[in-house]
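There are 2 protein chains.
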Amino acid sequence: MSVFDRPSFQTMRELADLLSVLNVLSWDARTQMPSGGNAVRPHHLATVNAVYTQRLTDPALRRQIAIDQKGLDPSSDAFLMLSQLDDAAERLARIPLPLHHEFAQTKAVATAVWQEARPASDFALLRPHLERLVSIKREMAQALGFEDHPYDALLHQYEPGVTLAQLRAIFGVLLPAQAALRERIERCQAPRDDFLHRHYPAERQRQAALSFAQMLGYDLNRGRLDISMHPFEISFTRHDVRITTRYAEDFLPTAFFGVMHEAGHAIYEQGVSEDYTRSAFTSDYLNAYAVGGASFGVHESQSRLWENRVARGRPFWEGQFERLQAFFPLQLRDVDVDEFYRAVNLVRPGLIRVEADELTYDAHVGLRVELEAELLAGTLEVRDLPEAWNSGMQAALGICSPDDRDGVLQDIHWASGQFGTFANYTLGNVMAAQLYDAAQMALPELSTQLRAGECAPLRAWLTEHVYQYGRKFTPNALMLQATGQPIDPAPYLRQLNEKFTDVYRLEA
Amino acid sequence: MSVFDRPSFQTMRELADLLSVLNVLSWDARTQMPSGGNAVRPHHLATVNAVYTQRLTDPALRRQIAIDQKGLDPSSDAFLMLSQLDDAAERLARIPLPLHHEFAQTKAVATAVWQEARPASDFALLRPHLERLVSIKREMAQALGFEDHPYDALLHQYEPGVTLAQLRAIFGVLLPAQAALRERIERCQAPRDDFLHRHYPAERQRQAALSFAQMLGYDLNRGRLDISMHPFEISFTRHDVRITTRYAEDFLPTAFFGVMHEAGHAIYEQGVSEDYTRSAFTSDYLNAYAVGGASFGVHESQSRLWENRVARGRPFWEGQFERLQAFFPLQLRDVDVDEFYRAVNLVRPGLIRVEADELTYDAHVGLRVELEAELLAGTLEVRDLPEAWNSGMQAALGICSPDDRDGVLQDIHWASGQFGTFANYTLGNVMAAQLYDAAQMALPELSTQLRAGECAPLRAWLTEHVYQYGRKFTPNALMLQATGQPIDPAPYLRQLNEKFTDVYRLEA
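Top to bottom, those sequences are chains F and E. The first sequence begins at 116 in the numbering used here and counts up one residue at a time. The second sequence begins at 116 in the numbering used here and counts up one residue at a time.
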């Protein structure tokens with residue numbers, strides 16, 4: 116009998132299946148479901164969630180894990196998988212079952228309400244749901260335990276080992292340096308980007324984006340692209356990894372780079388070892404989320420790497436701009452490679468996080484992390500959130516949204532109960548830069564390869580050092596192993612300086 | 116505390132949720148899922164199915180039901196719901212749990228294999244899966260118990276109270292009378308139908324079909340139309356009822372009347388009382404299928420009624436043909452109402468059941484019922500099925516398929532483990548005619564209303580007498596209550612005679 120036939124592995128696989136099922140229900144609700152379905156889909160999600168939580172927190176499971184771990188090499192995959200499952204069961208059991216159920220139901224309803232509230236710019240519609248969610252999350256943080264700040268308890272769920280204090284240190288380095296770089300840029304002549312605002316028909320955008328996503332390595336036999344209000348990647352194991360986007364017919368980058376971003380996530384999921392399908396190395400049991408990446412931050416590092424380091428990079432466009440021109444011969448007829456490269460790296464403070472450029476993105480994230488920390492500490496009330504948002508945006512980027520639609524309501528995260536996850540976008544930026552540096556060291560021909568549209572060597576390096584392992588290692592262990600360094604913002608700042616010196620022709 | 120707060124009602128609702136979840140997984144697999152998903156989706160279905168079966172067959176549930184039924188009026192909805200749940204639990208418990216699991220997994224795999232086998236006309240690919248399914252179904256019939264024939268045990272699951280002997284009696288009346296009518300027709304000049312074979316672009320067909328489906332009463336706020344190889348209707352409660360079709364660009368009726376048919380099913384689901392959402396009156400607990408109709412046969416009566424009695428009827432087209440012409444002005448420019456009405460009721464024996472006309476459909480069904488009965492009795496082997504199919508088609512309709520694609524592989528039913536369900540198509544035809552007669556008695560202006568495209572009065576009558584009740588009554592009780600008669604093929608034969616005397620201008 117194989118080790119993996121032991122009873123707790125059967126439970127591990129079934130729990131993984133239930134997480135994939137939750138993802139299917141969620142994907143459907145966000146891309147296909149008619150509005151009437153909102154009346155019952157929250158019940159469906161809550162019921163599967165309850166079954167899942169019940170099985171994971173059944174004390175018999177931890178006893179069985181202890182039995183099944185006997186005699187296993189503590190460094191073996193089998194042992195580690197069981198340890199991760201056990202850790203999730205232990206942490207989850209800290210939270211009372213009724214609170215779990217309430218959370219599942221509340222976030223399902225709130226997500227549906229957000230779908231209406233955002234286009235209507237109606238914060239009041241979402242507010243009671245958000246208040247309930249913040250209250251639940253504060254209770255959860257208390258139940259999970261923390262040393263310094265309730266935010267740490269939630270952050271640990273997504274990025275084990277990182278604390279609010281560390282984040283503040285990273286933002287403390289990044290944000291002033293980025294602001295200084297932006298200041299130098301503001302004195303420069305902005306490159307032209309008029310052509311990005313021409314009419315780009317959605318269907319043609321879809322074809323172009325899929326073509327380039329496949330070039331990066333997204334396998335459509337195991338994936339598909341749909342439309343949703345807020346773009347996302349979601350997986351039901353490595354065999355079925357789906358992405359979404361939204362099309363702006365008057366601005367090419369929204370969907371095009373959105374798809375490159377989500378394809379980066381998807382390539383990671385599709386690259387996890389087949390041996391880890393339906394296991395702890397591809398299931399975030401603690402967060403009840405079927406996901407194959409080491410952490411939210413490491414996952415984000417891959418969307419960032421493929422979007423920003425590859426698909427917004429000079430080498431890539433030097434070789435591949437003609438390919439894009441073939442999709443849009445009229446719209447791009449009077450544009451050369453240099454103009455295109457500079458335009459898609461234009462720095463312009465804007466309201467929308469998902470459309471932000473590389474030099475303002477972290478300011479968006481920093482604001483959200485601070486607001487979350489204050490909500491959780493109880494020093495900010497949900498009712499004061501729109502005002503705090505607006506004054507925060509003013510301070511960070513000097514702009515303010517005329518409504519809540521493009522302000523505090525723009526992200527689905529809070530409505531879907533994700534508090535403590537925004538930090539991972541910046542952690543992703545930081546880690547992407549470190550991993551790209553390491554890959555470049557190992558692949559001296561990387562720029563030449565990307566120029567030729569050959570993404571396989573980079574993908575192979577990332578698969579060998581990151582993707583194949585799924586959730587086997589913690590982010591810190593993975594980064595040390597792959598790059599030889601702990602998490603460090605220096606390479607990211609160096610790459611930003613290099614890129615924007617080039618884009619804006621700054622004096623060195 | 117409301118009666119419905121008693122513990123077994125909470126279980127009832129959660130079991131209903133799990134059935135809706137299975138339907139979402141199945142809908143996705145058949146309409147959206149990339150091919151890679153086939154590697155894992157069967158596991159997802161099997162896991163949810165196992166959770167469902169485990170909870171339904173937990174002996175504690177039947178004990179709780181007995182407690183919760185105490186003091187309830189035996190004719191109350193609450194009492195009846197619990198009785199139905201109890202009956203399903205009792206019957207399901209007759210089947211050993213491992214057999215349940217094997218069935219769930221086998222049919223999931225077989226359905227996926229059928230998706231490949233049919234276009235390739237490769238019966239050998241499906242054969243081992245079908246053999247396993249027949250063997251499982253024979254075991255299940257033994258476990259469920261029967262008096263005369265193993266087919267009865269399965270038929271009872273879908274159409275309680277009906278037996279193979281009764282079916283043979285119905286077919287014994289219907290098939291010879293239909294054959295005799297076909298013989299009279301064969302001597303007549305066939306109406307022209309050349310215009311149905313013109314080029315009808317799929318997207319335009321989609322718009323037309325949706326427009327007419329909405330006219331019948333299909334609510335798109337609680338529904339949507341997708342493409343699948345085999346058309347179907349599926350519901351995740353009355354709030355989300357989806358239909359599918361397939362488009363033949365060179366034959367209008369395939370998709371158009373296919374959608375009218377599935378819309379008929381959907382209108383039934385959407386019309387069940389809101390009070391019955393997530394209850395035994397909208398859940399087929401025995402077959403693990405979220406469905407709001409009294410039985411498969413009664414459900415089919417509504418697809419037949421809306422497709423054949425309404426949307427292929429003379430009054431409807433007398434008033435609505437111009438509306439269809441507006442969608443296809445070129446294709447239908449030289450066609451008048453009479454020609455269109457006669458063309459869409461053309462009788463022409465063909466290979467494909469779902470495209471069969473009203474005078475040959477029951478012959479397709481009769482063949483399948485006999486083959487199923489023989490497979491279950493063990494007098495026919497799966498390996499001999501293609502040959503038995505072909506000789507049966509020859510005997511029934513005088514035609515033979517050149518390949519298995521349009522022969523024995525044409526239906527998804529057997530691959531998806533549905534043995535004993537085909538009979539319900541003919542039961543549906545029979546009951547549709549009885550219900551239409553009863554509605555016409557109650558609505559003297561019905562023809563005038565249908566001519567004007569006013570389907571609300573007919574829908575209201577059907578909602579009052581059939582739809583609202585969901586699965587509350589058995590088919591026999593429902594038919595007696597709605598029409599005053601037991602199941603009887605006479606009205607159906609009379610309506611067929613009237614229609615085809617008109618269409619073919621037969622002498623009375």
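Glycine is no exception: its CB is placed at the ideal position from the N, C-alpha and C atoms.
Original post:
Would Ala458/F pass as a contact of Asp308/F if the rule is Cβ separation under 8 Å?
Top reply: yes
Original post:
If we ignore side chains and look at the alpha-carbon of each, how far apart do Arg586/F and Ala554/F end up?
Top reply: 20 Å
**OP:** Grab the span of the beta strand (DSSP E) containing Ile349/F for me, first residue to last.
**Re:** 348-350
Original post:
When the cut-off is 8 Å and only beta carbons count, does Pro604/F lie next to chain E?
Top reply: no
Original post:
Can you tell which of Arg302/E, Glu274/E, Ile358/E has the C-alpha that lies nearest to the C-alpha of Ser418/E?
Top reply: Ile358/E
Subject >> CB contact below 8 Å: Thr278/E versus chain F >> reply: no
Original post:
Since Pro501/E and Val484/E are thought to touch, with beta carbons under 8 Å apart, how far apart are those beta carbons, to the nearest angstrom?
Top reply: The pair is not a contact, with the Cβ atoms about 18 Å apart (cut-off 8 Å).
Original post:
Is Met116/E buried or exposed, if buried means 16 or more other CB atoms sit within 10 Å of its CB?
Top reply: With fewer than 16 Cβ atoms within 10 Å of its Cβ, Met116/E is classed as exposed.
Original post:
Can you tell me where the alpha helix (DSSP H) with Ile285/E in it begins and where it stops?
Top reply: In the DSSP assignment, Ile285/E falls within the unbroken alpha helix (DSSP H) covering 279-301.
Subject >> Among Asn336/E, Arg178/E, Leu195/E, Glu254/E, nearest to Met148/F - alpha-carbon criterion >> reply: Asn336/E
Subject >> Cβ pair His345/E, Ile527/E closer than 8 Å >> reply: yes
**OP:** Compare the C-beta of Arg319/F with all C-beta atoms of chain E and state if any pair is closer than 8 Å.
**Re:** no
Original post:
Can the beta-carbon of Glu262/E be found closer than 8 Å to that of Thr162/F?
Top reply: no
**OP:** Only counting runs of 4 or more residues, tell me where the alpha helix (DSSP H) segments fall wholly within the segment 467-541 of chain E, in order along the chain.
**Re:** 476-492, 500-512
**OP:** Figure out for me which residue from Leu241/F, Leu289/F, Arg233/F, Arg209/F has the closest Cα to the Cα of Glu254/F.
**Re:** Closest by alpha carbon: Arg209/F.
Original post:
Would Glu129/F count as contacting chain E if we go by Cβ distances under 8 Å?
Top reply: yes
Original post:
What three-state label does DSSP hand Ile251/E in the structure shown?
Top reply: DSSP places Ile251/E in helix when its eight states are reduced to three.
Original post:
Starting from Arg319/E and walking both ways along the alpha helix (DSSP H), at which residues does that stretch end?
Top reply: Residue range 317-331 is occupied by the alpha helix (DSSP H) that includes Arg319/E.
Original post:
Helix, strand or coil: how does DSSP classify Val462/E here?
Top reply: coil
Original post:
Is DSSP giving Arg649/E helix, strand or coil here?
Top reply: Here chain E covers residues 116 to 623 and nothing more, so residue 649/E does not appear.
Original post:
Out of curiosity, what's the CA-to-CA distance linking Ser531/F and His216/F?
Top reply: 14 Å
Subject >> 8 Å Cβ cutoff, Gly151/E in contact with chain F >> reply: yes
Original post:
Mind listing which residues of the segment 339-359 of chain F have their C-beta closer than 9 Å to chain E's C-betas, in chain order?
Top reply: Arg339, Asp341, Phe351, Thr352, Arg353, His354, Asp355, Val356, Arg357
**OP:** Using a Cβ cut-off of 8 Å (strictly closer), state whether Met148/F contacts chain E.
**Re:** yes
Subject >> Own chain partners of Tyr404/F with C-beta closer than 7 Å, once the 5 adjacent residues on each side are dropped >> reply: Leu134
**OP:** Starting from Tyr619/F, follow its DSSP beta bridges and name the residues at the other end.
**Re:** None; Tyr619/F has no bridge partner.
Original post:
Looking at the structure shown, is Leu269/F part of a helix, part of a strand, or coil, going by DSSP?
Top reply: helix
**OP:** Could you pull the start and end residues of the beta strand (DSSP E) that Ile342/E belongs to?
**Re:** 338-342
Subject >> Neighbourhood of Thr541/E by C-beta, 6 Å cutoff - its chain only, sequence neighbours within 5 removed >> reply: Asp477, Val480
**OP:** Using beta-carbon positions only, say whether Leu279/E and Tyr266/E come within less than 8 Å of one another.
**Re:** Yes, these two residues count as a Cβ contact at 8 Å.
**OP:** For the beta strand (DSSP E) holding Val356/F, just list the boundary residues, first then last.
**Re:** 356-360
**OP:** Closer than 8 Å, Cβ to Cβ, to anything on chain F: give me those residues from the segment 480-510 of chain E, in chain order.
**Re:** Near chain F, meaning a CB-to-CB distance below 8 Å, no residue of the segment 480-510 of chain E qualifies.
**OP:** Assign Gln169/F to buried or exposed, taking buried as 16 or more other Cβ atoms, counted over all protein chains shown, within 10 Å of its Cβ.
**Re:** exposed
Subject >> Bridge partners - Tyr391/E, DSSP secondary structure assignment >> reply: DSSP output for Tyr391/E lists no bridge partner at all.
Original post:
Of the residues Ala175/E, Glu348/E, Leu486/E, which one's Cα is nearest the Cα of Thr146/E?
Top reply: Glu348/E
Original post:
Asp399/E bridges to which residues according to DSSP?
Top reply: Tyr404/E
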